[in-house]
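Novice:
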Amino acid sequence: MSRQPRAYRLDDPNVTAGAVQVTEEPFDAIEAADGIVVPMGEKRRAPWVGILLSALSGLLVLGLGLAVEKLIVDLYAVAPWLGWVAMALAILAVLAFLAIIGREVAGIWREQKIESLREAAIDALAVKDHKAAKGIVSDLLSLYGGRASAAQGSARLRGLTDEIIDADDRLAIAERELLAPLDAQAKRAIAGAAKQVSLVTAVSPRAIVDVAFVIFAAVRLLRTLSRIYGGRPGLFGFLRLAKAAFNHLAVTGGMAVGDSLMQQVLGLGLAARISAKLGEGVLNGLMTARFGLAALSVCRPLPFIREETPKIGDVAGELISRAEAAAS
């Protein structure tokens, strides 16, 4: 027997009130995701190169271990105290090796976490996923919440945790409160590196000095930007990050075609109207700034949402002004 529908008042004592759970409407996410092509992963082949390198590395470690063992035995045969000293040094070397491995693994893990945050933010913005946006903001708070520069922004973001906010607005607030101060530090670091490269390459007597200093400045700049955004790359983590920065630089056009300052230097021939060394210094400084912007994009845990994407003019405008003054 079916029951007839009835109306109840919320203040009726006969009505038992339960916990009210507010759920976000999924229709906007479904509508935003409609028509998005889901990429199919390519079939992975057997990593024979990796297997070969792993096998050779294992054989090398075994051979090194046997050589160390033979050395310790020989030293112990000569004098027992020499054997104990060699044993202590071997243990110390193993501990240092394990510490280095741990640092490398931790650095790669932090880089992967930052990359996964950026990819998750891109996906959440594409489909307006509110729940994913909350998780991303929570991860950002755990990553930057302990910094003194982000204390006020972290407090404001924690106060908005239970608020119903759109995904793009929530991520934009996190970008403004947590990443805007870091972006300012990163732009200052890029501008400083570009000035140093421009000055050194303008006064250096040898081309080999120019090349060496440009490489040194790029390596130092990449490490600085990574630390600003929370990464601590070791050797392998740094190589992985450098590869990502160069890939981003290649995808975005290398010389930043369309940037007014780069067009001014290359299109109008500003560097050709001043001295050769000064023009070379300006171009090297601009290319260092361009690499720094690419590194900023791969080190940043969020894409640029509401904050303006930095351009060469924001970090190397002084170089152009100096070159124009020299040319005039």
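My numbering applies: residue 872 is where the sequence shown begins, and numbers increase by one. The beta-carbon is built from N, C-alpha and C at its ideal position, and this holds for glycine as well. Bear in mind the structure is a predicted one, so any value in this text is a computation, not a measurement.
What residue range does the alpha helix (DSSP H) around Tyr-947 cover?
Specialist: Start and end: 919-949.
Novice: Report the option in Met-1158, Trp-952 and Leu-1042 whose CA atom is closest to the CA atom of Phe-1117.
Specialist: Checked all of Met-1158, Trp-952 and Leu-1042; the closest Cα to Phe-1117 is Met-1158.
Novice: Quick one: what's got a C-beta closer than 7 Å to Ala-992's C-beta in the same chain, skipping five residues either side?
Specialist: Once the five neighbours on either side are set aside, the close Cβ partners of Ala-992 are Ile-1007, Leu-1042, Leu-1173 and Pro-1174.
Novice: Which class does Thr-1180 belong to by DSSP, given the choice of helix, strand or coil?
Specialist: Coil, per DSSP.
Novice: Give me the Cα-Cα distance between Tyr-1015 and Glu-1048, rounded to the nearest whole angstrom.
Specialist: Answer to the nearest angstrom: the Cα atoms are 10 Å apart.
Novice: Just to confirm, are Leu-1164 and Tyr-1100 a CB contact at a threshold of 8 Å?
Specialist: Not a contact, by the Cβ cut-off of 8 Å.
Novice: How far does the alpha helix (DSSP H) with Ser-1069 in it extend, from its first residue to its last?
Specialist: Segment 1051-1074, the alpha helix (DSSP H) holding Ser-1069.
Novice: Going by beta carbon distance, what residues of the same chain come within less than 8 Å of Ile-979, once the five residues before and after it are set aside?
Specialist: If we look at Ile-979 and ignore the five residues flanking it on each side, its Cβ neighbours are Pro-1104, Gly-1105, Phe-1107, Gly-1108 and Arg-1111.
Novice: Just reading off the alpha helix (DSSP H) that Leu-1093 is part of, what are its end residues?
Specialist: Taken as a continuous stretch (DSSP letters only), the alpha helix (DSSP H) holding Leu-1093 covers 1078-1099.
Novice: Specify, as a first and last residue, the run of the alpha helix (DSSP H) that Gly-1030 falls within.
Specialist: Residues 1022-1030.
Novice: Arg-1018 by DSSP, collapsed to three states: which one?
Specialist: The answer is coil: DSSP assigns Arg-1018 none of H, G, I, E or B.
Novice: By the DSSP assignment, the alpha helix (DSSP H) with Arg-1171 in it spans what residues?
Specialist: Element bounds for Arg-1171: n/a, residue is neither H nor E.
Novice: Taking C-alpha atoms, which residue in Gly-973, Ser-928, Ala-961 and Arg-1027 lies nearest to Phe-941?
Specialist: Going by the sequence as given, residue 941 is Lys instead of Phe. Here the closest residue by C-alpha is Ala-961.
Novice: Taking the straight line between their C-alpha atoms, what separation do you get for Ser-928 and Leu-1167?
Specialist: Spanning the two alpha carbons is a distance of roughly 34 Å.
Novice: So what does DSSP say about Lys-999, is it helix, strand or coil?
Specialist: Note: Lys-999 maps to coil in three-state DSSP.
Novice: How would you call Ile-1061, buried or exposed, if buried means at least 16 neighbouring beta carbons within 10 angstroms?
Specialist: Ile-1061 is buried by the Cβ-count criterion.
Novice: Got a sec, what are the start and stop residues for the alpha helix (DSSP H) Ile-1036 sits in?
Specialist: Counting along the chain, Ile-1036 falls outside any alpha helix (DSSP H), and DSSP gives it neither H nor E.
Novice: Compute the beta-carbon to beta-carbon distance between Lys-1058 and Asp-1185, rounded to the nearest angstrom, for a pair I have assumed lies under 8 Å.
Specialist: Between Asp-1185 and Lys-1058 the Cβ distance is about 6 Å, and since that is below 8 Å, they are a contact.
Novice: Can you tell me the Cβ-Cβ gap for Gly-1063 and Glu-982, rounded? I've got them flagged as a contact below 8 Å.
Specialist: Not really, about 23 Å apart at Cβ, beyond 8 Å.
Novice: Alpha carbon to alpha carbon, what distance is there between Ala-1051 and Asp-1040?
Specialist: Answer to the nearest angstrom: the Cα atoms are 15 Å apart.
Novice: Alpha carbon to alpha carbon, how far is Lys-1182 from Glu-975?
Specialist: Approximately 32 Å, taken between the alpha carbons.
Novice: Residues in the same chain with beta-carbon distance under 6 Å from Gly-1152, minus the five sequence neighbours each way, listed in chain order, please.
Specialist: Hits under 6 Å: Ser-1069, Thr-1072 and Ala-1073.
Novice: If we call anything under 8 Å between Cβ atoms a contact, is Glu-990 one with Ile-1176?
Specialist: Contact flag unset, no.
Novice: Given a cut-off of 8 Å on the beta-carbon distance, is the pair Asp-1010 and Leu-1031 in contact?
Specialist: Contact: no.
Novice: Contact check, Cys-1170 vs Leu-1092 under 8 Å by CB: the rounded distance?
Specialist: So it is not a contact: roughly 11 Å between Cβ atoms.
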